[in-house]
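Report on the following structure.
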Amino acid sequence: MATRKSKRGTAARSKTPRKSESRRATKAKTQRARASVTPLVRVTGIGGMFFKADDPSKLMAWYRKHLGIESDAYGGWSFEWRDKRRPQRIGTTVFSPFARDTKYFEPSEQPYMFNLRVADLKSLLTQLKREGVHVIDEVQEAPYGKFGWIIDPEGRKIELWEPADADDPFADGE
Numbered sequence: 000m001a002t003r004k005s006k007r008g009t010a011a012r013s014k015t016p017r018k019s020e021s022r023r024a025t026k027a028k029t030q031r032a033r034a035s036v037t038p039l040v041r042v043t044g045i046g047g048m049f050f051k052a053d054d055p056s057k058l059m060a061w062y063r064k065h066l067g068i069e070s071d072a073y074g075g076w077s078f079e080w081r082d083k084r085r086p087q088r089i090g091t092t093v094f095s096p097f098a099r100d101t102k103y104f105e106p107s108e109q110p111y112m113f114n115l116r117v118a119d120l121k122s123l124l125t126q127l128k129r130e131g132v133h134v135i136d137e138v139q140e141a142p143y144g145k146f147g148w149i150i151d152p153e154g155r156k157i158e159l160w161e162p163a164d165a166d167d168p169f170a171d172g173e
């Protein structure tokens, strides 16, 4: 570090930091500023509603006959919509019955489960853990995105879905 004479005539260290220290400090300051300006995007929409049914096939036929809702290849109904930030992108919200004895909703005892779309599953799960939320320590990846789960204070299991970067694979196309 450079030295200079103080007013009293003794050598003193310069207050000019080294370039590497300056870069680190600037980077840290920028990251802190960015974190305070750009909060973690949490839920971006409803991905689906899943519920238990005594006879899912029979129920699907009822919905088709009386409400005109055609089932999709995944055993439910996918309602299409356009992404507000990227209107060329088609998204879906799924509404789907599961067999009454499904284990998929466990450890919840509720007969339904929400699926919420999220922007950054990994960061969100990390933050939720820090906040004391009951996070199920498992993340699954599929061609249509990543999935994680939490339990709300009343015991409901909530599925968090980060869709794949490509257009929503549940949609039939554009």
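Just so you know, the sequence shown maps onto residues 0 to 173 in numbering that gives the first Met the number 0.
Ideal Cβ positions, reconstructed from N, Cα and C, are used throughout, including at glycine.
On a predicted model such as this, the values are computed, not experimentally measured, just so you know.
Please report the straight-line C-alpha distance between residue i and residue j, rounded to a whole angstrom.
i: I149; j: E137; result: 10 Å
i: E161; j: M112; result: 16 Å
i: E158; j: P110; result: 14 Å
i: V42; j: E153; result: 19 Å
i: A118; j: G144; result: 11 Å
i: D237; j: G131; result: Past the boundaries of the shown model lies residue 237; the chain is included only from 0 to 173, so the question cannot be answered.
i: T125; j: K64; result: 44 Å
i: E69; j: G47; result: 16 Å
i: S35; j: R129; result: Bear in mind that a pLDDT of 45 at S35, under 50, signals an unreliable position, so the number given afterwards is only what the model happens to contain. Using only the alpha carbons, I get a separation of about 17 Å.
i: Q139; j: K156; result: 15 Å
i: A60; j: D71; result: 12 Å
i: A163; j: P142; result: 7 Å
i: R99; j: P86; result: 37 Å
Assuming residue i contacts residue j under a Cβ cut-off of 8 Å, what Cβ separation, rounded to an integer in Å, is found between them?
i: S175; j: T91; result: Given a span of 0 to 173 for the chain in the structure shown, any question on residue 175 remains unanswerable.
i: L120; j: G147; result: 5 Å
i: L123; j: L39; result: 7 Å
With a CB to CB cut of under 8 Å and the five nearest residues on each side skipped, what residues in its chain are close to residue i?
i: F97; result: F49, F50, K51, A52, P55, Y103 and F104
i: D82; result: R88, I89 and G90
Going by C-alpha to C-alpha distance, which of the options sits closest to residue i?
i: F94; options: V132, L58 and R81; result: L58
i: G75; options: D100, T101, G44 and Y62; result: Y62
i: W80; options: G44, P142 and D164; result: G44
Closer than 7 Å by C-beta to residue i: which residues in its own chain qualify, once you throw out the five before and the five after it? Chain order, please.
i: L127; result: V134 and I149
i: T182; result: In the structure as shown, the chain begins at 0 and stops at 173. Residue 182 is therefore absent and cannot be evaluated.
From the DSSP output, which residues share a beta bridge with residue i?
i: Y111; result: F50
i: E105; result: Answer by DSSP bridge pairing: none, since E105 is not bridged.
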